[in-house]
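Those letters in the sequence shown? Residues 10 to 269, by my numbering. Using N, Cα and C, we set each Cβ at its ideal position, and we do this for glycine too. Remember, predicted model here, so these are calculated numbers, not experimental data. Everything below concerns the one structure shown next.
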Amino acid sequence: MTLEGKVAVVTGAARPESIGQGIALRLGMEGANVICCDLREADETVAAIKEAGGNAIGFQGDITKWENCKGVIDFAVEKYGRIDILVNCAGVSSRLPIEEEPLENWDFIMDINLRAVWMMCRAAIPEMRKNEFGRIVNIASEAGVLGWTRHAVYGASKGGVVSLTRCLAMETCHDGITVNTVNPMTIPTRLFLDQGNPLVGKNLDDSLDAIPMGTLSTPADIAGAVNFFVGPDAGYVTGQYLNIDGGYSAGKAYDKKVEK
Numbered sequence: 010m011t012l013e014g015k016v017a018v019v020t021g022a023a024r025p026e027s028i029g030q031g032i033a034l035r036l037g038m039e040g041a042n043v044i045c046c047d048l049r050e051a052d053e054t055v056a057a058i059k060e061a062g063g064n065a066i067g068f069q070g071d072i073t074k075w076e077n078c079k080g081v082i083d084f085a086v087e088k089y090g091r092i093d094i095l096v097n098c099a100g101v102s103s104r105l106p107i108e109e110e111p112l113e114n115w116d117f118i119m120d121i122n123l124r125a126v127w128m129m130c131r132a133a134i135p136e137m138r139k140n141e142f143g144r145i146v147n148i149a150s151e152a153g154v155l156g157w158t159r160h161a162v163y164g165a166s167k168g169g170v171v172s173l174t175r176c177l178a179m180e181t182c183h184d185g186i187t188v189n190t191v192n193p194m195t196i197p198t199r200l201f202l203d204q205g206n207p208l209v210g211k212n213l214d215d216s217l218d219a220i221p222m223g224t225l226s227t228p229a230d231i232a233g234a235v236n237f238f239v240g241p242d243a244g245y246v247t248g249q250y251l252n253i254d255g256g257y258s259a260g261k262a263y264d265k266k267v268e269k
């Protein structure tokens, strides 16, 4: 177990079959003490981690409020003496043409996808500096580095996360802290499928057609990338983003898969 004894906070970890839950479960299986932070109770995630032999506890709070961001970090320090790992995974999405996007969606999405990430980092970094060690992974999206139709607000928020990551990596590079980003492609999580958007099925089909490997990724794929960034083999990696996309961002595979 590569994270034995480490203390990790994962935001957005409560929803079943979500990316955040998958990340929390993986870190717990690697030996970390995981604090599952979410707006809702994270009992299911905590139970799954414990069932797998790990150690976890929930923290319920709205991380668009500074007192909750500081609160979960303080909770980690009070319970375990420090904070080693922060994974910012809480997020919301929107897939509307710009003229149909409600004006209030800008603030709503930015508050959760970008401002909350900044506040969580702002709360965690001083504690990490005390121990001269920290691993921060921000979950963004390929929409933050590539232009996608009907993703203007969402893409802007995730592009902000990529830029924030680079700036914080430079700000903490002498403190034993690394800051990196993982960019998922389309993942058929329950949140994505339950949007009630008639375009969801078409989006999945379009994604499958565009991904060279021909399959959609899973929360476990994202969790594996996060585990690399927070583990012992990535101590010299900071300010980077990793696309988990089956080759989507690399180019176009014109040849269909040949059955052997």
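CYS176 versus HIS183: straight-line alpha-carbon distance, rounded
When only Cα atoms are considered, CYS176 and HIS183 end up about 13 Å apart.
Use the C-beta contact count for ILE44: other C-beta atoms within 10 angstroms, 16 or more gives buried, fewer gives exposed.
ILE44 sits buried, since 16 or more C-beta atoms from the chains shown fall within 10 Å of its C-beta.
Nearest-angstrom beta carbon gap, VAL162 and GLU110 [assumed within contact, 8 Å]
The pair is a contact, with the Cβ atoms about 6 Å apart (cut-off 8 Å).
Do ARG144 and ASP218 count as a contact pair if the criterion is CB distance below 8 Å?
Going by C-beta atoms, ASP218 is not nearer than 8 Å to ARG144.
Rounded straight-line distance, which links the Cα of ASP254 to that of PRO221
Approximately 9 Å between the Cα atoms of the pair.
Please confirm whether any heavy atom of the ligand FAD lies closer than 7 Å to the CB of ALA61.
As presented, the structure is devoid of all ligands, the ligand FAD included, so that no description of it is given.
Shorter than 8 Å from the beta carbon of ILE58 to some beta carbon of chain B?
Checking the listed chains, one finds no chain B in this structure; it contains a single protein chain.
CA-to-CA distance, ALA65 to ALA56, given in whole angstroms:
Whole-angstrom Cα-Cα distance: 8 Å.
What is the DSSP secondary structure of THR174, reduced to helix, strand or coil?
In the structure shown, THR174 sits in a helix (DSSP, three-state: H, G or I).
Just the C-alpha distance for GLU173 and TRP127, rounded to the nearest angstrom, thanks.
What sits at residue 173 in the sequence shown is Leu, not Glu. Rounded to whole angstroms, LEU173 to TRP127 spans 8 Å at the Cα level.
Beta-carbon proximity check, GLY29 vs ALA22, cutoff 8 Å:
For the pair GLY29 and ALA22, the CB atoms are nearer than the 8 Å cut-off.
Going by beta-carbon coordinates alone, are LYS79 and ASN122 separated by less than 8 Å?
No, these two residues do not count as a Cβ contact at 8 Å.
Reducing DSSP to helix, strand and coil, say where PHE142 ends up.
In the displayed model, PHE142 falls within coil according to three-state DSSP, outside both helix and strand.
For ASN77, which residues from the same chain have a beta carbon less than 8 Å from its beta carbon, with the 5 sequence-adjacent residues on both sides left out?
The beta carbon of ASN77 lies closer than 8 Å to those of GLY70 and ASP71 in the same chain, with the five residues before and after it left out.
With DSSP as the reference, identify every bridge partner of LEU251, one or two as the case may be.
Answer by DSSP bridge pairing, in chain order: VAL191.
Using DSSP with H/G/I as helix, E/B as strand and the rest coil, what is THR224?
In the three-state scheme derived from DSSP, where H, G and I count as helix and E and B as strand, THR224 is classed as coil.
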